[in-house]
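Take a look at the structure set out below.
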Amino acid sequence: MGQMLALIIGIILIIAILWWFFGKHTEQAGDASVNGHVQEATVVVKGGYSPSTVVLKKGMPGKVNFDMKDSTACLSHVVFSKLGVDEDLTKQPVTTVNIPTDKSGEYDFACGMDMFHGKVIVK
Amino acid sequence: MKHLTSIQRFWISFVLVIPMLIQMLAMPFHWMMPGYTWIAFITTTLIMLVAAWPYWTSAWAAFKHHNANMNTLVAIGTSIAYFYSLFAMITGRPVYFESAAFISVFVLLGDTMEERMHNNASNALKKLLDLQVKSAEVLRDGKFVQVPLDQVQVGDIIQVKPGQKVPVDGVITSGKTTLDESMITGESMPVTKKVGDDVVGSTINGDGAIQFRATKVGKDTMLSQIVEMVKKAQTSHAPIQNLTDKISGFFVPTVLIIAIATFVIWYSFLGATLVQAMLFAVAVIVIACPCALGLATPTALMVGTGRAAKMGVLIKDGQALEEINDVKTVVFDKTGTITVGKPTVTDIIGDQDQVLRVAASLEASSEHPLAKAVMNAAKEKMVEPQTVADFTAVEGKGVQAVIDGQQAFVGNDKLLTDYQISAGMKQQMATLQDEAKTVVLVGLAKQVIGLIAIQDAPKPSSAQAIADLKARGLKTVMLTGDNERVANAIAKEVGIDQVIANVLPNEKAEHVKALEQDGKVAFVGDGINDAPALTTANVGIAMGSGTDIAIESGSIVLVQNDLRGVVKAIDISKKTFSRIKLNLFWALIYNVIGVPIAAGVFVGFGLQLSPEFAALAMAFSSVSVVTSSLLLNRAKIGGTEPVAGSDSQPA
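Chains W and C supply the protein sequences, listed in that same order. Under my numbering, think of the first position of the first sequence as 1, with each following residue one higher. Under my numbering, think of the first position of the second sequence as 124, with each following residue one higher.
Next up, the structure:
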């Protein structure tokens, strides 16, 4: 009886995992707030990046602030491979990365181990 | 508690875990610690709060984003062990607090060690930046005063005393000295510098005092540009990482599914007890290590590109590093790449003065490197150029103009269709060309009156570099605009396999493309006209002494003007790339073998892992990947010694 129950619960759990992690889930992109001549967007770092996609306007100096709320090693660095940026987020609560906005394009960022991904879109 | 660093968390947990460690060691002697269950409960609860809580919160936040990662595995493993033990304690069953505690401690230990070594790996960059001095002695109002580095401006006159560091890039205006440029070029021999020579910031002055005019400051200095380039290279992606990117997306959910399957199979089908089945499932969750996979490429890339930079080889990104591994052919530009790039006149055939005068008069306004050689020879022999009229350049042939009412020309043998030459001179021309000398014809009134032989000697190191490349099984090709005889003579001197001569500047890229039919091609060049070929080739290698546009176009830059850098670039790329492959293989095989062992597949052979040993294995798998990358610092490259001690200092 208990064995049967374990089997059924196990199958339900597996289906739930498949649906939760591989099903289609949409996430909203974050917009930057404009402050004078500078646009800023904040990404909260906690078990991932939220929002994981940030949109900046072309032509105005852009900053992305990484607000570190996670204390595990996984997310301790943020790497923008196109920009040559590799910042240690644990040194201060909020780390600012300047994004060049003279051209439209996408800048992917990831954690130091390339397990978490996000991107900044300039348009 | 939020502000504890992972090393502090580790030490607190380590102290708390000691009673359980003692109990574990005493187990074989049938000794039970009095009140063990309560001690284990209290210490483990504290450990959960200090060590495991950050993983739980991070995993939960990730879960809400439909993400799963190593933290998810750690959180699930520890929480199952802890909460089951809590339930067991209340209901009077045997407890497994130590599993939860040991998993947390080992994972933290792994994280801490890995973080520390990661910092070590990125040290190369910090060391480069540390080379910069903080201030300079600048001439202000007739006196030399100490000025902070960021206030030094282009055009300032700066004084450098013996033993001091050169603060910025510039040109020497007075004094003579030797400079140790090893930090920039990797070459350990000091270089003699006199007035008019370039100096590079952060190099060390020898025994002479010099003054120089700053030409590049701040972000524009060579060192800043190198740092910028290395930074980009270290964070860049190698194409091989696409594999891990794909795996990382489904790794953790897959492990969770395997763990559930393990539990169900043991409990429902193989008749194991609930607790046994649970321990197998927890071991599966804890042993799986996506981190090792994720760390395999970036850490090796970081160490490899950093090491290369120290040797004067700047690899711009992971793609170049990966591509150069499959290169079959190395194509060289001749002038300035294989040769010194400073042609000099060696022979003049005919009436010396007259030939030189006509040639100098026509070449006076030309920027062509051969023209410069002619002008230098004229200056040396005190021959004054005359004024000319109706100057025209004949595309690909030479130049012509009118001197004293007579039509004069200077150019190559393509002009022979229009002019007469004596048989004797024709013979001499062939002889000179076989000696690797470029021959310029000088003519007056439809008749060739003389020849000027110009030689651009190969660099002393070129032959060695090409021999080293051939020893590595690579085909070497030389592309040049020079004629076949000269090109062949140079090729023979340095040992080049194949020569493609008479190439027009705009055809270089096409020839590179044609060579790519037989396999990947690396192109080595330095001039503006090399830029298209540098971009077209699978790997473009630019000489650091070359033009800015060449450096911009190349994916690898050799700081030193020496072809042995090509050998070093290939060696370090091969070593780094094979280390990446080794790391990835190890990380994959670790998971492929570790997960089944943890799941109890080999129980029949007596091979079984408890959750705490699974956690230990997990912690060390990622540490071992980083260690393997750091070992790249000790690899032998192109005859240079490994960097001693650079990786052994704590971060």
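Note that beta-carbon positions come from the ideal geometry of N, C-alpha and C, so glycine has one too.
Residue i classed as buried or exposed, judged by whether at least 16 other C-beta atoms fall within 10 angstroms
i	result
D770(C)	With a pLDDT of 39 at D770(C), under the threshold of 50, the modelled position of that residue is not reliable, and no figure is offered here.
W129(W)	As shown, chain W starts at 1 and ends at 123. That puts residue 129(W) outside it, with no answer to give.
W389(C)	buried
A568(C)	exposed
R687(C)	buried
I9(W)	exposed
G768(C)	Only weak support is given to the placement of G768(C): the predicted model assigns it a pLDDT of 40, under 50, and the question is left unresolved by the model.
V856(C)	Here chain C comprises residues numbered 124 to 774, so residue 856(C) is not present and cannot be evaluated.
G441(C)	buried
K560(C)	buried
G459(C)	buried
M147(C)	exposed
K24(W)	exposed
G30(W)	buried
E446(C)	buried
S297(C)	exposed
I760(C)	buried
A6(W)	buried
G596(C)	exposed
P177(C)	buried
I410(C)	buried
Paired residues, beta bridge with residue i - DSSP
i	result
V670(C)	Per the sequence presented here, residue 670(C) reads as Thr, with Val not at that position. Note: T670(C) sits in no beta bridge, so no partner.
T467(C)	Q578(C)
D456(C)	L602(C)
P271(C)	S258(C)
G573(C)	G473(C), V565(C)
D321(C)	V294(C)
Y49(W)	V45(W)
Q621(C)	V600(C)
H77(W)	D88(W)
T95(W)	F66(W)
G648(C)	A665(C)
G534(C)	G521(C), L564(C)
Spatial neighbours of residue i in its chain, beta-carbon cut-off 7 Å, leaving aside the 5 residues before and after
i	result
L739(C)	F229
N192(C)	A185, V375, P413
A742(C)	F229, V230, L232, G233
I544(C)	V571
I472(C)	M548, Q551, G573, L574
D513(C)	A524, V525
6 Å Cβ shell around residue i - same chain, five flanking residues per side excluded
i	result
T315(C)	T301
N661(C)	E446, K643, V644
R702(C)	A423, L755
A774(C)	Model confidence at A774(C) stands at a pLDDT of 33, short of 50, so the residue's coordinates are unreliable; what they give is reported in the following sentence. Once the five neighbours on either side are set aside, the close Cβ partners of A774(C) are R239, N242, N243.
E237(C)	S745, V746, V749
F736(C)	none
G48(W)	F116
H623(C)	Rather than His, the amino acid found at residue 623(C) in this sequence is Ile. L602, H634, listed in sequence order.
Contacts around residue i, its chain only, beta-carbon distance under 8 Å, and the 5 residues preceding and following it disregarded
i	result
A204(C)	Y219, F220, S222, A223, I226, V405, P734
F386(C)	A400, M401, F403, A404
R480(C)	A501, V506, E507, P508, Q509
K520(C)	G534, N535, K537, L538
Q556(C)	V562, N606, R608, V609, A612
key: Sufficient close CB pairs (3 or more, under 8 Å) joining the stretch 614-621 of chain C to the stretch 489-509 of chain C   = no
ask   = Using 8 Å as the threshold, is the stretch 267-281 of chain C in touch with the stretch 444-453 of chain C, meaning 3 or more CB pairs across them?
value = no
query = Of all the residues that make up the stretch 332-364 of chain C, which are near chain W by a beta-carbon distance shorter than 9 Å?
reply = E351, M352, V353, K354, K355, A356, Q357, T358, S359, H360, Q364
query = Listed from N- to C-terminal order along the chain, which residues in the stretch 178-191 of chain C have their beta-carbon within a distance smaller than 9 Å of any beta-carbon of chain W?
reply = Y178, T180, S181, A182, W183, A184, A185, F186, K187, H188, H189, N190, A191
query = Using 8 Å as the Cβ pair cut-off and three pairs as the minimum, do the stretch 692-704 of chain C and the stretch 417-437 of chain C touch?
reply = yes
query = Are there three or more Cβ pairs, one per stretch, closer than 8 Å when the stretch 155-163 of chain C is compared with the stretch 203-223 of chain C?
reply = yes
request  = Could you please tell me which residues of the stretch 56-74 of chain W, in chain order, have their CB closer than 9 Å to any CB of chain C?
outcome  = K69, D70, S71, T72, A73, C74
inquiry  = Output needed in chain order: residues of the stretch 386-409 of chain C with a Cβ under 7 Å from some Cβ in chain W.
reply    = F386, V387, Y390, S391
inquiry  = Please identify, using Cβ separations under 7 Å, the residues of the stretch 408-426 of chain C that lie next to chain W, in order along the chain.
reply    = P413, C414, G417, L418, P421
inquiry  = Does the stretch 576-583 of chain C come into contact with the stretch 460-467 of chain C, if we say contact requires no fewer than three beta-carbon pairs (one atom in each stretch) closer than 8 Å?
reply    = yes
request  = Inspect the CB distances between the stretch 57-64 of chain W and the stretch 28-39 of chain W and report whether three or more fall short of 8 Å.
outcome  = yes
task = Could you list the residues in the stretch 76-96 of chain W with a C-beta less than 9 Å from some C-beta on chain C, going in chain order?
result = S76, H77, V79, F80, S81, K82, L83, G84, V85, D86, D88, T90
query = At a Cβ cut of 7 Å, what residues of the stretch 38-49 of chain W count as close to chain C, listed as they run along the chain?
reply = K46, G47, G48
ask   = Taking one C-beta from the stretch 414-429 of chain C and one from the stretch 354-363 of chain C each time, how about it: are there three or more such pairs within less than 8 Å?
value = yes
task = Could you run through the stretch 744-756 of chain C and flag, in chain order, every residue whose CB is less than 9 Å away from some CB of chain W?
result = S745
request  = Evaluate contact between the stretch 135-144 of chain C and the stretch 209-218 of chain C, counting only Cβ atoms and requiring at least three cross-stretch pairs below 8 Å.
outcome  = no
query = On the three-pair Cβ rule with 8 Å, is the stretch 629-640 of chain C touching the stretch 648-666 of chain C?
reply = yes
task = Could you name the residues of the stretch 444-458 of chain C whose beta carbon sits closer than 8 Å to any beta carbon of chain W, in the order they occur along the chain?
result = none
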